[in-house]
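Read through the structure below, which is laid out as structure tokens, and then see the notes.
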Amino acid sequence: MIYPYTESLKGMLIKVEPFITWGEISEDGLNALLNRLETCKGEKITEEYIKTKLSMDLNTFKTKLLSGELALNKLDNIFRLPIRLHPPSGGFKGKVNAPYKAKGEFGYRGLEINNLIKRMI
212 MIYPYTESLK GMLIKVEPFI TWGEISEDGL NALLNRLETC KGEKITEEYI KTKLSMDLNT
272 FKTKLLSGEL ALNKLDNIFR LPIRLHPPSG GFKGKVNAPY KAKGEFGYRG LEINNLIKRM
332 I
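Here the sequence shown is numbered in my numbering, starting from 212 and rising by one per residue.
Put into structure tokens, the structure is as follows:
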């Protein structure tokens, strides 16, 4: 999921850190995720669909998601959420029960999350 960063979100992430990985998404990572995003009916999203449902073009939609002005989790009546991903191609590079900083897989990754997203699409 894509969430705007808040202090309360930071607290929740720290609490569940051993079970998840997270970081800041780039425009390339967002494009990769949006290619997997589907409408409520299971169809691929199009620019026309975004204009009809949200009254904005696709670039504005991407910009608002990246800046945190728009929360994707609040649009579950428009899109099929959560976005389903495969396990990473080539497998996990580190130990899944160790933090990312210690060459593991869970916890905060920063911009490296985009590489993981691309391997999971």
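Yeah, the Cβ is synthetic: ideal placement off N, Cα and C, and Gly gets one too.
In chain order, I294, R295, L296 and I332 place their CB closer than 8 angstroms to the CB of R247, counting only its own chain and leaving out the 5 sequence neighbours on each side.
It is roughly 14 angstroms from the alpha-carbon of Y214 to the alpha-carbon of L245.
In this structure, DSSP gives P310 an extended state, which the three-state scheme calls strand. Here the alpha carbons of N308 and L276 stand approximately 31 angstroms from one another. Distance from F317 to T232 at the Cβ level is roughly 5 angstroms; contact confirmed, criterion being Cβ atoms closer than 8 angstroms. For the 7 angstroms CB-CB criterion, G321 and G234 form a contact. Within the DSSP bridge table, the entry for F317 names P310 as partners.
Secondary structure of K275 (DSSP, three-state): helix.
Of the other Cβ atoms in all chains shown, fewer than 16 fall within 10 Å of the Cβ of I225; this residue is therefore exposed.
Scanning its chain for C-beta atoms nearer than 8 angstroms, with the 5 sequence neighbours on each side dropped, one finds around L292 the residues M212, L283, N284 and L286, in chain order. For E254 against L269, the beta-carbon gap comes to about 15 angstroms, at or over 8 angstroms, which does not count as contact.
The Cβ-Cβ distance between A243 and K304 does not fall below 7 angstroms.
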